[in-house]
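Asks: I'd like to ask some things about the structure below.
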Amino acid sequence: MKKTVICLLLSIMALICLEGCKRSEKRDLQIKGSDTMVNAAQKVSEEFMKVNPDIFVAVTGGGSGVGIASLISGTCDIATASREMKPQEIESAKKRGGNPKEIIVAYDGIAVIVNLKNPVEQLTLDDLRRIFTGEAKNWKEFGGRDLPIVLLSREVSSGTHIYFKEEVIREGKKDSTAEFSPDALLLTSSQTIVEEVANNESAIGYFGMGYASDRTKTLKIGKDNTNFYSPDIQHVLNKEYPLSRPLYFYVNGEPAGILKQFIDFTLSPQGQQQFAETGFVPMESEIAK
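Everything in the sequence shown is counted per this note's numbering, starting at 51 for the first residue and increasing by one.
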């Protein structure tokens, strides 16, 4: 009898401990970073929470650099980024005991936009380089009206800014030190670029293809004067559009628990569909078609 009572008490204590562990388990995720990805990440999170109502997912922007800095400092669970982590960022994370893991979650094309009244329809990568370094200053050089070119760029913490600088301004050359024109206006969000271009016939800007709208004109871009392509799903999938890139999640170490649950959902057909619906290119090509 005594032995039975002891066993019963031990069983009750084990259940209490188990329940306490469940209550203390982290049931929320903090996602921070890329403004390019913020709408897509929010949609994925909303769909995930419908399936998992006991888990709360918070999504904020600020730029890829901000998200990566938050991951390094341990203040977010997932850093969203439209660029790769820099070697110095990885080293900084490791010095703090972290181990950044990179996960490609979708693909993107950098859309270059102008005002609807601008007659220019297409530009080469070299045209873009000349424009955004300030070498070319008037739209008439590209078949447009006699108007000064107004340059709009994302701010320096933006992964899109860094990608554009590396691939357009510096032409993919690792040893180049070329920079944006000092006259370029650095704006805090892709939506701000939409607003400025929509209201200024002289303006030109760029952002992730998910922000393209009928309020502005999206230019066709070519590596040279031979072929020009729009930043759409098929041209990005076929790697024909010259300003195509992956979009990333960065996490600290191998995902486990609800973090793994969320990433698995993101890469599932249901999660990938949210990227397609926000204008990006999902990992599964059959979803994109």
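Glycine residues also receive a C-beta, built at the ideal position from the N, C-alpha and C atoms.
1. Under 8 angstroms, with one C-beta from each stretch per pair, do the segment 187-200 and the segment 318-328 reach the 3-pair mark?
2. Name the DSSP bridge partner or partners of ARG204?
3. Determine, using beta carbons only, whether GLY83 and SER120 come nearer to each other than 9 angstroms.
4. Can TYR300 and THR130 be called in contact, C-beta distance under 9 angstroms?
5. Quick check on LYS72: does DSSP put it in helix, strand or coil?
6. Alpha carbons only, please: which of GLU304, SER114, GLU229 and LEU79 is nearest the one belonging to GLU185?
7. Taking all protein chains shown into account, do 16 or more other C-beta atoms lie within 10 angstroms of the C-beta of ASP78, making it buried, or fewer, making it exposed?
8. Provide the residue span of the alpha helix (DSSP H) that contains PRO281, from first to last.
9. Helix, strand or coil, according to DSSP, for SER132 in the structure here?
10. Distance check for MET135 and VAL164, CA to CA, integer angstroms please.
11. From which residue to which residue does the alpha helix (DSSP H) around PRO137 run?
12. How about THR268: is its Cβ closer than 8 angstroms to a heavy atom in the ligand GTP?
13. For ASP176 versus ASP274, is the C-beta spacing smaller than 9 angstroms?
14. Nearest-angstrom Cα distance between LYS224 and VAL218?
15. Shortest alpha-carbon distance to ILE128 belongs to which of SER294, TYR256, LYS100 and ILE313?
16. DSSP on ARG344, reduced to helix/strand/coil?
17. For GLY83, list the residues DSSP reports as bridge partners.
18. Sort out for me which residues DSSP pairs ALA186 with in a bridge.
19. Sorted by chain position, which residues of the same chain lie with C-beta nearer than 8 angstroms to GLU205's C-beta, five sequence neighbours on each side aside?
20. Suppose you measure from the CA of ASN277 to the CA of ASN168; what does that come to, to the nearest Å?
Replies: From the atom records:
1. no
2. Taking the first residue of the sequence shown as position 1, residue 204 is located at position 154. Partner(s): LEU237.
3. For the purposes of this step, residue 83 is taken as the residue at position 33 of the sequence shown. For the purposes of this step, residue 120 is taken as the residue at position 70 of the sequence shown. Yes, Cβ-Cβ distance for GLY83 and SER120 is below 9 angstroms.
4. On the sequence shown, residue 300 is found 250 positions in, with the first residue counted as 1. On the sequence shown, residue 130 is found 80 positions in, with the first residue counted as 1. Yes, they are a contact pair.
5. Translated into positions along the sequence shown, residue 72 becomes position 22. Per-residue confidence for LYS72 stands at a pLDDT of 42, beneath the threshold of 50, marking its modelled position as unreliable; the derived number appears in the next sentence. Helix.
6. Residue numbering aside, residue 185 sits at position 135 when the sequence shown is read from its first letter. Checked all of GLU304, SER114, GLU229 and LEU79; the closest Cα to GLU185 is GLU229.
7. Within the sequence shown, numbered from 1, the residue matching residue 78 stands at position 28. The residue is exposed, with fewer than 16 neighbouring Cβ atoms inside 10 Å.
8. Position 231 of the sequence shown, counted from the first residue, corresponds to residue 281. Where PRO281 is concerned, there is no enclosing alpha helix (DSSP H), given that its DSSP letter is neither H nor E.
9. Translated into the one-based positions of the sequence shown, residue 132 becomes position 82. Note: SER132 maps to coil in three-state DSSP.
10. Along the sequence shown, read from residue 1 onward, the residue named residue 164 stands at position 114. Along the sequence shown, read from residue 1 onward, the residue named residue 135 stands at position 85. Roughly 30 angstroms separates the two Cα atoms.
11. As a first step, residue 137 must be located in the sequence shown, where it is residue number 87. Unbroken alpha helix (DSSP H) run through PRO137: 137-145.
12. Of the ligands one can find in the structure shown there are none, so the ligand GTP has no counterpart to examine.
13. Sequence index remark: in the sequence shown, residue 176 carries index 126 (1-based). Sequence index remark: in the sequence shown, residue 274 carries index 224 (1-based). The Cβ atoms of ASP176 and ASP274 sit closer than 9 angstroms to each other.
14. In the sequence shown, the residue the question calls residue 224 occupies position 174. In the sequence shown, the residue the question calls residue 218 occupies position 168. Taking the Cα positions, LYS224 is about 12 angstroms away from VAL218.
15. Here residue 128 refers to the residue found at position 78 of the sequence shown. Sorting SER294, TYR256, LYS100 and ILE313 by C-alpha distance to the C-alpha of ILE128 places ILE313 at the top.
16. For the chain, the structure presents residues 51 to 339; residue 344 sits outside this window and is missing.
17. Indexing the sequence shown from 1 puts residue 83 at position 33. Beta-bridge pairing by DSSP links GLY83 to THR130.
18. Position 136 of the sequence shown holds residue 186. DSSP, once it has assigned bridges, lists no residue as partnering ALA186.
19. Position 155 of the sequence shown, counted from the first residue, corresponds to residue 205. For GLU205, where only same-chain residues beyond five positions count, the Cβ hits under 8 angstroms are GLY113, HIS211, LEU236, LEU237 and THR238.
20. Locating residue 277 in the sequence shown gives position 227, where the first residue counts as 1. Locating residue 168 in the sequence shown gives position 118, where the first residue counts as 1. Going from the Cα of ASN277 to the Cα of ASN168 covers about 21 angstroms.
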